[in-house]
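Asker: Please read through the structure below; I'll follow up with questions.
Residue numbers (our numbering), protein chains in the order written: chain A, 1 to 355; chain B, 1001 to 1331.
Rendered as structure tokens:
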């Protein structure tokens, strides 16, 4: 009987996961084996008794690239080298566990800034040039990094010293809630799984509540995103988390049908030709029109340049650090930009209009 | 070389240049019919976006290709004449390094002077001209060309070290912008800026044409030039000033475009078989313009698949071409 109830429970959990997966268009089937992870594609987390088995999956092929077993430890000291994990640690009130960051310029959270001023947190710089002895002296037991390179510098030596190193591939997730779901891993590491799951579920509810509002809209304004670097315009790929956000915010993202989570590249001629009807330009990467024109002088020929440019850059660190843990507010901002009548009373949280 | 052969060669270049300019204008991701092309050219087209693409994107890019090719090639010719060394180029004086340093400061440091009011163009322009003035100052002190060449190279090494340090402590996004600036681009220029660029380059060309006699004498060596009554010191000053203007203005608007200044004057000498600057200057200007136009046409043809920076392609095409021509001449 107990077994029967267990199977039924598992079945319903699986069913709900699969139902959620319909919302998250490309979540992989392997997560049926890990019902706790619904949206994220690049890790799995299994709990047995009091310990966890973390599997980091390769963002390109889904193969397991690292298996890490750990037990929750609320006193664990961490070097957090990316803005997104700073955001997750802050939401779970774990700022006091941080002993190292990449640089204070990349921090938004006031508590982390205060601890840095009190010299309880030190700056480690870029991960590629990180100092081995400085890590050892910090007494950190965990390093969280972006996983841009194949391996963390001195990884073997650090692991022999008992320091766990985890690459965080949240930036390769294709759904904003998949990015947020990495908070479950952070919660599990520090013994705050319940709080993490609760926060995740609340945010998912808020996100879908907002998404529901866009079902009443009559028209979807055409939108472009990204900007030019060099002679190439980089726009979010059709499967990227930002394309998902734009879709959920009830807009017609001009490159929604392109493949992949990575940025797509366009020439300025293509951009001008394909965006003559775009009403909005999101994330030009610069906070003023003057700066935009310095890097993309041809931008003034986009019809939406006059009155439809929005960017987070006025407070870039807030976007990078909090955007991952507050995807519902990102969505709210975008809905407010595209459909102001749906959300009236609040100010934009991340974005501002570029005048 | 016979006068007639030179005449035919010039005529060929004069026909090839507008032909390539037309081909350059007609290539792109936006399709134009012949009627649309000409009506957009005259800004009387029905499709406003096509007018913008032709007038604001393609024409400035084509004109910048011509101007940058001509000015860098002429600057290279002047340097090769001054140092009597075919390996000299417009960047040996460190003018490019000055531009790079100021661009690096404006992109990758938080120094308010560089980040607030200055754009990349003005940063590069100030850097190029400051270093041009520095080289002119040294040119007044130093007596011979080799010492000046060494000072130019040392200035380059010194600024490269500072730029490398700035790069090592910069965020990846800034690093990417700087790296891409270093790869060169013909697309950052507005049509409104073209007349100003043209004016500076025209001043450089006219000045070079006015000192043809001195240039021909310097080719023979300093002593010979002095015997011919040339004021070598003044000529050297003027040559450096012209090179600073030509290189500075081009680097400021396009980023560094290497190899053109080295390859084109050599190519011109091989084709025209002369040391006479009244032939070499117009020849270099024409071949320089044609060379960059040709390179940019290839870039435009490949744009649908990948985007090659102009600085990469000029070297990829230019280096084997010069090797081939040198080997051919040796035979």
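All C-beta atoms in this analysis are idealised placements derived from N, C-alpha and C, irrespective of residue type, glycine included.
Values in this document were obtained by computation on a predicted structure and should not be read as measured data.
Are residue 144 (chain A) and residue 80 (chain A) closer than 7 Å when you measure CB to CB?
Answerer: As a first step, residue 144 (chain A) must be located in the first chain, where it is residue number 144. As a first step, residue 80 (chain A) must be located in the first chain, where it is residue number 80. Yes.
Asker: For residue 1244 (chain B), which residues in the same chain have their Cβ closer than 6 Å to its Cβ, ignoring the five residues on either side in sequence?
Answerer: For the purposes of this step, residue 1244 (chain B) is identified with residue 244 of the second chain, where counting begins at 1. The residues are 1095, 1132.
Asker: Please list the partners that residue 317 (chain A) has in chain B, where partner means a Cβ-to-Cβ separation under 8 Å.
Answerer: Position 317 of the first chain, counting from 1, holds the residue named residue 317 (chain A). Within 8 Å Cβ-Cβ: nothing; residue 317 (chain A) doesn't reach chain B, min ~12 Å.
Asker: Residues of chain A with a CB under 7 Å from the CB of residue 1028 (chain B): which are they?
Answerer: As a first step, residue 1028 (chain B) is located in the second chain; it is residue number 28 there, counting from the start. Here the neighbours are 269.
Asker: Name the two residues that bound the continuous beta strand (DSSP E) containing residue 46 (chain A).
Answerer: Translated into positions along the first chain, residue 46 (chain A) becomes position 46. Looking at the DSSP string, the run of the beta strand (DSSP E) that includes residue 46 (chain A) is 43-48.
Asker: If contact is defined by three or more beta carbon pairs under 8 Å, each pair taking one atom from either stretch, is the region 195-207 of chain A in contact with the region 262-278 of chain A?
Answerer: The region 262-278 of chain A vs the region 195-207 of chain A: no contact.
Asker: Once DSSP output is grouped into helix, strand and coil, what is the label at residue 142 (chain A)?
Answerer: Residue mapping note: residue 142 (chain A) aligns to position 142 of the first chain, counting from 1. Strand at residue 142 (chain A).
Asker: Helix, strand or coil for residue 1192 (chain B) per DSSP?
Answerer: Sequence index remark: in the second chain, residue 1192 (chain B) carries index 192 (1-based). Residue 1192 (chain B): coil per DSSP, three-state reduction.
Asker: Could one say the Cβ of residue 1064 (chain B) lies closer than 7 Å to chain A's Cβ atoms, at least one of them?
Answerer: The residue labelled residue 1064 (chain B) in the question sits at position 64 within the second chain. False, the Cβ-Cβ gap to chain A never drops below 7 Å.
Asker: Within 8 Å, do at least three Cβ pairs link the region 54-65 of chain A to the region 291-305 of chain A?
Answerer: Touching, no, given that fewer than three Cβ pairs across the two stretches are closer than 8 Å.
Asker: Compute the Euclidean distance between the alpha carbons of residue 355 (chain A) and residue 289 (chain A), then round it to the nearest angstrom.
Answerer: Sequence index remark: in the first chain, residue 355 (chain A) carries index 355 (1-based). Sequence index remark: in the first chain, residue 289 (chain A) carries index 289 (1-based). Their Cα atoms are separated by approximately 7 Å.
Asker: Taking the Cβ atom as the reference point for each residue, do residue 1294 (chain B) and residue 1264 (chain B) lie within a distance shorter than 7 Å?
Answerer: Locating residue 1294 (chain B) in the second chain gives position 294, where the first residue counts as 1. Locating residue 1264 (chain B) in the second chain gives position 264, where the first residue counts as 1. For residue 1294 (chain B) and residue 1264 (chain B), no; Cβs fall outside 7 Å.
Asker: Got a sec, what are the start and stop residues for the beta strand (DSSP E) residue 1147 (chain B) sits in?
Answerer: As a first step, residue 1147 (chain B) must be located in the second chain, where it is residue number 147. Taken as a continuous stretch (DSSP letters only), residue 1147 (chain B) belongs to no beta strand (DSSP E), being part of the alpha helix (DSSP H) at 1145-1168.
Asker: Report yes if the CB atom of residue 1287 (chain B) is closer than 7 Å to the CB atom of residue 1067 (chain B), and no otherwise.
Answerer: The residue labelled residue 1287 (chain B) in the question sits at position 287 within the second chain. The residue labelled residue 1067 (chain B) in the question sits at position 67 within the second chain. Going by C-beta atoms, residue 1287 (chain B) is not nearer than 7 Å to residue 1067 (chain B).
Asker: Quick one: residues in its chain with C-beta nearer than 7 Å to the C-beta of residue 1236 (chain B), no 5 flanking neighbours on either side, listed in chain order?
Answerer: Taking the second chain and counting its residues from 1, one reaches residue 1236 (chain B) at position 236. Around residue 1236 (chain B): 1082, 1139.
Asker: In this structure, does DSSP put residue 279 (chain A) in helix, strand or coil?
Answerer: Along the first chain, read from residue 1 onward, the residue named residue 279 (chain A) stands at position 279. In this structure, residue 279 (chain A) counts as coil in the three-state DSSP scheme.
Asker: Verify the contact flag: residue 1229 (chain B), CB atom, against every heavy atom of the ligand GDP, threshold strictly below 6 Å.
Answerer: No copy of the ligand GDP occurs in the structure displayed, which carries no ligand at all.
Asker: Count the other CB atoms, across all protein chains shown, that sit within 10 Å of the CB of residue 1270 (chain B); report buried if there are 16 or more and exposed otherwise.
Answerer: Within the second chain, residue 1270 (chain B) is the residue found at index 270, counting from 1. With fewer than 16 Cβ atoms within 10 Å of its Cβ, residue 1270 (chain B) is classed as exposed.
Asker: Under a Cβ-count criterion, where at least 16 other Cβ atoms within 10 Å of its own Cβ denotes burial, should residue 169 (chain A) be classed as buried or exposed?
Answerer: On the first chain, position 169 is the one that residue 169 (chain A) refers to. Classification for residue 169 (chain A): buried.
Asker: Excluding five sequence neighbours on each side, which residues of the same chain lie with their C-beta closer than 6 Å to the C-beta of residue 132 (chain A)?
Answerer: Indexing the first chain from 1 puts residue 132 (chain A) at position 132. Contacts found: 154.
Asker: Let me know the alpha helix (DSSP H) ranges lying completely inside the region 208-276 of chain A, each 4 residues or longer, listed in chain order.
Answerer: With a minimum length of 4 residues, the continuous alpha helix (DSSP H) runs that stay inside the region 208-276 of chain A are 241-248, 268-274.
Asker: Taking buried to mean at least 16 other C-beta atoms within 10 Å of its own C-beta, is residue 991 (chain B) buried or exposed?
Answerer: It is not possible to answer for residue 991 (chain B), since the shown part of chain B is limited to 1001 through 1331.
Asker: For residue 26 (chain A), which residues of its own chain have a beta-carbon under 7 Å away from its beta-carbon, when the five flanking residues on both sides are left out?
Answerer: Counting from one through the first chain, the residue named residue 26 (chain A) turns up at place 26. Model confidence at residue 26 (chain A) stands at a pLDDT of 36, short of 50, so the residue's coordinates are unreliable and nothing is read from them.
Asker: For residue 254 (chain A), which residues from the same chain have a beta carbon less than 7 Å from its beta carbon, with the 5 sequence-adjacent residues on both sides left out?
Answerer: Here residue 254 (chain A) refers to the residue found at position 254 when the first chain is read from its first residue. Once the five neighbours on either side are set aside, the close Cβ partners of residue 254 (chain A) are 222, 223, 224, 274, 275, 278.
Asker: Note down, in chain order, all residues in the region 1186-1210 of chain B with a beta-carbon under 7 Å from any beta-carbon belonging to chain A.
Answerer: Listed in sequence order: 1187, 1188, 1190.
Asker: Which same chain residues end up closer than 7 Å to residue 330 (chain A) when comparing Cβ atoms and leaving out the 5 residues on each side of it in sequence?
Answerer: Here residue 330 (chain A) refers to the residue found at position 330 of the first chain. Cβ neighbours of residue 330 (chain A) beyond the five flanking positions: 176, 245, 323, 350.
Asker: Are residue 54 (chain A) and residue 195 (chain A) closer than 7 Å when you measure CB to CB?
Answerer: Along the first chain, read from residue 1 onward, the residue named residue 54 (chain A) stands at position 54. Along the first chain, read from residue 1 onward, the residue named residue 195 (chain A) stands at position 195. No, these two residues do not count as a Cβ contact at 7 Å.
Asker: Would you call residue 47 (chain A) buried or exposed, if buried means 16 or more other Cβ atoms sit within 10 Å of its Cβ?
Answerer: In the first chain, residue 47 (chain A) corresponds to position 47, counting from 1. Exposed.
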